[in-house]
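Visitor: Below you will find the structure I want to go over with you.
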Amino acid sequence: MDAFNQLMTGFAGILGWKTLFYCFIGCLWGTVVGVLPGLGPLAGMVLLLPLTFGLDPASAIIMLSGIFYGAMYGGSTTSILVRIPGEAASVITCIDGYEMARQGRAGPALVIAAVGSFVGGTLSVLGLMLVAPPLANVMVAIGPSVEVVLMLMALCVITLVSGGSRLKTGAMIILGLAVGTVGLDKLTGLPRFTFGNLGLADGLSFTALAIGLFGISEILLNLERSEAIKAIQPKLKDLIPRWNDLKEATPAIGRGSIIGFLFGIVPGVSHVVSTFVSYAIEKRFSRNPEQFGKGAIAGVAGPETANNATTGTASDPGCWRSAFPRSRPPRFCCRP
Amino acid sequence: MYIGNIILVILNLPLVGIFVNLLRIPYGWLVPTILVISIIGVYSVSFKAADIWIMIVSGGAGYVLRKFGYEMAPLLLALVLGDRLEENFRLALTMSGGSYATFADKAALLVIVAIAGLLFILQACAWAFGYRKSMADEAERA
Numbered sequence: 000m001d002a003f004n005q006l007m008t009g010f011a012g013i014l015g016w017k018t019l020f021y022c023f024i025g026c027l028w029g030t031v032v033g034v035l036p037g038l039g040p041l042a043g044m045v046l047l048l049p050l051t052f053g054l055d056p057a058s059a060i061i062m063l064s065g066i067f068y069g070a071m072y073g074g075s076t077t078s079i080l081v082r083i084p085g086e087a088a089s090v091i092t093c094i095d096g097y098e099m100a101r102q103g104r105a106g107p108a109l110v111i112a113a114v115g116s117f118v119g120g121t122l123s124v125l126g127l128m129l130v131a132p133p134l135a136n137v138m139v140a141i142g143p144s145v146e147v148v149l150m151l152m153a154l155c156v157i158t159l160v161s162g163g164s165r166l167k168t169g170a171m172i173i174l175g176l177a178v179g180t181v182g183l184d185k186l187t188g189l190p191r192f193t194f195g196n197l198g199l200a201d202g203l204s205f206t207a208l209a210i211g212l213f214g215i216s217e218i219l220l221n222l223e224r225s226e227a228i229k230a231i232q233p234k235l236k237d238l239i240p241r242w243n244d245l246k247e248a249t250p251a252i253g254r255g256s257i258i259g260f261l262f263g264i265v266p267g268v269s270h271v272v273s274t275f276v277s278y279a280i281e282k283r284f285s286r287n288p289e290q291f292g293k294g295a296i297a298g299v300a301g302p303e304t305a306n307n308a309t310t311g312t313a314s315d316p317g318c319w320r321s322a323f324p325r326s327r328p329p330r331f332c333c334r335p
Numbered sequence: 000m001y002i003g004n005i006i007l008v009i010l011n012l013p014l015v016g017i018f019v020n021l022l023r024i025p026y027g028w029l030v031p032t033i034l035v036i037s038i039i040g041v042y043s044v045s046f047k048a049a050d051i052w053i054m055i056v057s058g059g060a061g062y063v064l065r066k067f068g069y070e071m072a073p074l075l076l077a078l079v080l081g082d083r084l085e086e087n088f089r090l091a092l093t094m095s096g097g098s099y100a101t102f103a104d105k106a107a108l109l110v111i112v113a114i115a116g117l118l119f120i121l122q123a124c125a126w127a128f129g130y131r132k133s134m135a136d137e138a139e140r141a
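Protein chains in written order, with numbering that gives the first Met the number 0: chain A, 0 to 335; chain B, 0 to 141.
Right under this line is the structure:
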């Protein structure tokens with residue numbers, strides 16, 4: 000197969016000591032950046048960008064990719080251990096991952112998140128080679144009306160399967176839709192809800208909102224209790240997940256990969272959306288849905304896998320190509 | 000990217016303890032550091048001071064909302080989707096010349112609506128089933 004040959008050529012090109020070294024640095028820095036809340040993969044890449052000016056393109060891209068992946072992993076680490084998401088796409092992992100950590104199962108949560116991310120990334124890259132070109136053409140041909148219905152359905156599904164009061168979830172969704180209208184109107188360019196302020200003209204930045212709503216509010220909630228941030232310490236021997244965990248997590252990982260892969264193909268959709276959808280679907284397909292929110296391992300495995308699986312397909316320039324007919328490049332905030 | 004994946008799996012699992020120790024720093028040092036890094040991170044996205052204000056205000060709002068028991072995740076989801084939703088909605092209407100029938104035209108749409116309808120029905124069944132079960136339990140206890 001042509002795709003396989005190209006993959007082998009790619010491997011041959013990058014498996015040198017120099018590129019592996021840069022990849023390692025990128026991964027290390029990326030994990031540190033991902034663990035620290037507030038700095039996402041983007042900030043991590045920006046901070047090391049000057050370093051890449053002196054490198055050849057392959058090493059530079061590999062290092063940046065390493066930072067990106069490392070930040071994804073690090074982000075899930077803080078989500079699970081401290082319930083402060085390292086970056087926007089780890090937000091969903093906070094919910095069940097932290098509960099698992101509180102029950103003393105932080106080790107399995109971290110391992111499953113890591114393994115799920117790995118599997119998701121691998122499967123999505125494989126699937127990308129095989130399936131992406133025809134699928135991308137299909138997405139272009141389908142057109143905006145289907146996307147509208149798809150997104151409306153996604154919103155309704157989220158309302159349906161969310162734990163807690165459905166009315167409150169619905170209210171939050173409506174609030175989110177309302178907040179999303181702030182900024183310049185896409186088709187006419189007229190400012191909406193900017194109150195004459197140029198700073199709001201670009202809309203409310205997603206990163207700012209995500210970090211504020213989750214990170215800052217978490218810090219404020221922690222300040223109420225006069226104890227320290229309870230970062231839960233996983234012991235090394237606890238890292239091995241139990242057989243039950245693996246059995247529960249495996250179908251979740253499978254579904255998460257598929258979801259992430261599909262969402263990566265839809266142009267412009269961010270990793271965050273695929274994690275939400277994966278969580279909703281895991282809850283729907285689980286045999287004990289009341290466990291979600293109290294430490295269901297599928298709630299960690301699915302979203303983390305979907306997260307990385309979206310990365311695989313969303314990074315493909317071919318999928319970006321299908322975004323251009325919409326006369327707008329992929330939105331900055333949809334890429335971390 | 001794939002190599003990065005492999006390296007990360009090897010790197011991440013044993014070193015988790017070390018990374019976690021980053022978070023054992025005393026609270027008084029940790030929170031300002033997190034705040035400063037968050038502000039740097041947010042600013043580095045678009046280099047606008049308005050973003051920092053948005054972060055602070057939404058932090059306060061998020062705190063209040065969470066105290067009242069609202070979840071933040073749907074808000075973010077709707078934020079991301081709402082933008083695209085509106086744009087595609089207007090595109091669809093423009094392309095169809097203002098006719099709302101375009102949302103019923105393609106077969107794919109009917110499939111999606113059918114799936115959504117199925118989910119609603121399943122949910123209603125589950126709710127009704129649970130209702131009847133709890134009625135049966137009450138009847139048994141009575």
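All C-beta atoms in this analysis are idealised placements derived from N, C-alpha and C, irrespective of residue type, glycine included.
Less than 8 angstroms between CB atoms is the rule here; does Glu281 (chain A) satisfy it with respect to chain B?
Guide: If you number the first sequence from 1, residue 281 (chain A) lands on position 282. No, Glu281 (chain A) does not count as interfacial toward chain B.
Visitor: Would you call the stretch 164–184 of chain A in contact with the stretch 67–87 of chain B, where contact means no fewer than 3 C-beta pairs closer than 8 angstroms?
Guide: Yes, since at least three Cβ pairs between the stretch 164–184 of chain A and the stretch 67–87 of chain B fall closer than 8 angstroms, the two stretches touch.
Visitor: Would the stretch 45–52 of chain B count as touching the stretch 111–119 of chain A if we require 3 or more Cβ pairs under 8 angstroms?
Guide: No, the stretch 45–52 of chain B is not in contact with the stretch 111–119 of chain A.
Visitor: Let me check one thing: in DSSP terms, what residues is Pro190 (chain A) bridge-paired to?
Guide: By one-based count along the first sequence, residue 190 (chain A) stands at place 191. A:Leu183.
Visitor: From this set, A:Ala248, A:Ser273 and A:Glu303, which residue's C-alpha is nearest Arg286 (chain A)'s C-alpha?
Guide: Against the first sequence, residue 286 (chain A) aligns to sequence position 287. Per the Cα distances, A:Ala248.
Visitor: For Gly27 (chain B) and Ser78 (chain A), what's the separation of their Cα atoms in angstroms?
Guide: Locating residue 27 (chain B) in the second sequence gives position 28, counting from the first residue. Locating residue 78 (chain A) in the first sequence gives position 79, counting from the first residue. Taking the straight line from one Cα to the other gives about 20 angstroms.
Visitor: Less than 8 angstroms between the C-beta atoms of Gly179 (chain A) and Asp50 (chain B), yes or no?
Guide: Within the first sequence, residue 179 (chain A) is the residue found at index 180, counting from 1. Within the second sequence, residue 50 (chain B) is the residue found at index 51, counting from 1. The answer is no: Cβ separation not under 8 angstroms.
Visitor: DSSP state of Lys47 (chain B), grouped into three classes?
Guide: As a working note, residue 47 (chain B) is residue 48 in the second sequence. If DSSP states are grouped into helix, strand and coil, Lys47 (chain B) belongs with coil.
Visitor: Let's test the definition: count the other Cβ atoms within 10 Å of the Cβ of Phe143 (chain B) and tell me whether it reaches 16, buried, or not, exposed.
Guide: Since the first residue of chain B shown is 0 and the last is 141, residue 143 (chain B) is not available in this structure.
Visitor: What residues of chain A sit near Ala91 (chain B), judged by a beta carbon separation below 9 angstroms?
Guide: Along the second sequence, one-based indexing puts residue 91 (chain B) at 92. The answer, in chain order, is Gly142, Pro143, Ser144, Val145, Glu146 and Val147.
Visitor: Take Leu186 (chain A) as the anchor and find which of B:Gly116, B:Asp104, B:Ile53 and B:Leu92 has the nearest alpha-carbon.
Guide: Here residue 186 (chain A) refers to the residue found at position 187 of the first sequence. Closest option to Leu186 (chain A), Cα to Cα, is B:Leu92.
Visitor: Excluding the five sequence neighbours on either side, which residues of its own chain have a C-beta within less than 8 angstroms of the C-beta of Lys17 (chain A), listed in chain order?
Guide: Taking the first sequence and counting its residues from 1, the one referred to as residue 17 (chain A) is at position 18. Result list for Lys17 (chain A): Ser58, in chain order.
Visitor: Is it buried or exposed, Trp242 (chain A), if we count other Cβ atoms within 10 angstroms and call 16 or more buried?
Guide: Within the first sequence, residue 242 (chain A) is the residue found at index 243, counting from 1. Exposed, because fewer than 16 other Cβ atoms sit within 10 Å of the Cβ of Trp242 (chain A).
Visitor: At a CB distance below 9 angstroms, what residues from the stretch 55–77 of chain B approach chain A? Give them in sequence order.
Guide: Listed by position, the residues of the stretch 55–77 of chain B near chain A (Cβ gap below 9 angstroms) are Ile55, Val56, Ser57, Gly58, Gly59, Ala60, Gly61, Tyr62, Val63, Leu64, Arg65, Lys66, Phe67, Gly68, Tyr69, Glu70, Met71, Ala72, Pro73, Leu74, Leu75, Leu76 and Ala77.
Visitor: What's the call for Pro143 (chain A), buried or exposed, on a 16-neighbour Cβ count within 10 Å?
Guide: The count along the first sequence starts at 1 and reaches residue 143 (chain A) at position 144. Classification of Pro143 (chain A): buried, given that the 10 Å Cβ count is 16 or more.
Visitor: With the cut-off set at 8 angstroms, would you say Val272 (chain A) and Leu90 (chain B) are in Cβ contact?
Guide: As a first step, residue 272 (chain A) is located in the first sequence; it is residue number 273 there, counting from the start. As a first step, residue 90 (chain B) is located in the second sequence; it is residue number 91 there, counting from the start. Taking 8 angstroms as the Cβ cut-off, Val272 (chain A) and Leu90 (chain B) do not qualify as a contacting pair.
Visitor: Chain A partners of Ile111 (chain B), CB-CB under 8 angstroms?
Guide: Against the second sequence, residue 111 (chain B) aligns to sequence position 112. Here the neighbours are Val145, Val148, Leu149 and Met152.
Visitor: Count the other CB atoms within 10 Å of the CB of Met94 (chain B); is the residue buried (16 or more) or exposed (fewer)?
Guide: By one-based count along the second sequence, residue 94 (chain B) stands at place 95. Result: exposed.
Visitor: If Val80 (chain A) sits next to Ala105 (chain A), beta carbons under 8 angstroms apart, how far is it from one beta carbon to the other, in whole angstroms?
Guide: Sequence index remark: in the first sequence, residue 80 (chain A) carries index 81 (1-based). Sequence index remark: in the first sequence, residue 105 (chain A) carries index 106 (1-based). The question names Val, yet the displayed sequence has Leu at residue 80 (chain A). The pair is a contact, with the Cβ atoms about 6 angstroms apart (cut-off 8 angstroms).
Visitor: Name the two residues that bound the continuous alpha helix (DSSP H) containing Asn221 (chain A).
Guide: Counted from its first residue, the first sequence places residue 221 (chain A) at position 222. Asn221 (chain A) -> alpha helix (DSSP H) spans Ser216 to Glu223.
Visitor: Distance cutoff 8 angstroms, beta carbons only. Does Lys47 (chain B) sit that close to anything in chain A?
Guide: Start at 1 with the first residue of the second sequence, and residue 47 (chain B) comes out as number 48. Closer than 8 angstroms to some Cβ of chain A, the Cβ of Lys47 (chain B) qualifies, so yes.
Visitor: Roughly how many angstroms separate the alpha carbons of Gly53 (chain A) and Leu47 (chain A), rounded to a whole number?
Guide: Residue numbering aside, residue 53 (chain A) sits at position 54 when the first sequence is read from its first letter. Residue numbering aside, residue 47 (chain A) sits at position 48 when the first sequence is read from its first letter. Their Cα atoms are separated by approximately 12 angstroms.
Visitor: Quick check: what's the CA-CA separation for Asp201 (chain A) versus Leu183 (chain A)?
Guide: Start at 1 with the first residue of the first sequence, and residue 201 (chain A) comes out as number 202. Start at 1 with the first residue of the first sequence, and residue 183 (chain A) comes out as number 184. Going from the Cα of Asp201 (chain A) to the Cα of Leu183 (chain A) covers about 6 angstroms.
Visitor: Under the rule that 16 or more other beta-carbon atoms within 10 Å means buried, what is Asn196 (chain A), buried or exposed?
Guide: Here residue 196 (chain A) is taken as the residue at index 197 of the first sequence, counted from 1. That one is exposed.
Visitor: Pick helix, strand or coil for Gly71 (chain B), following the three-state DSSP scheme.
Guide: In the second sequence, counting from the first residue as 1, residue 71 (chain B) sits at position 72. The amino acid occupying residue 71 (chain B) in the given sequence is Met; Gly does not appear at that position. If DSSP states are grouped into helix, strand and coil, Met71 (chain B) belongs with coil.
Visitor: How long is the line joining the alpha carbons of Ser116 (chain A) and Met152 (chain A), rounded to whole angstroms?
Guide: Locating residue 116 (chain A) in the first sequence gives position 117, counting from the first residue. Locating residue 152 (chain A) in the first sequence gives position 153, counting from the first residue. Cα to Cα, Ser116 (chain A) sits roughly 26 angstroms from Met152 (chain A).
Visitor: Ends of the alpha helix (DSSP H) at Ile24 (chain A)?
Guide: Sequence index remark: in the first sequence, residue 24 (chain A) carries index 25 (1-based). Trp16 to Val34 is the extent of the alpha helix (DSSP H) around Ile24 (chain A).
Visitor: Determine the chain B residues that contact Ala295 (chain A) at a beta-carbon separation under 7 angstroms, and present them in chain order.
Guide: Start at 1 with the first residue of the first sequence, and residue 295 (chain A) comes out as number 296. Result: empty, since nearest Cβ-Cβ is about 16 angstroms, beyond 7 angstroms.
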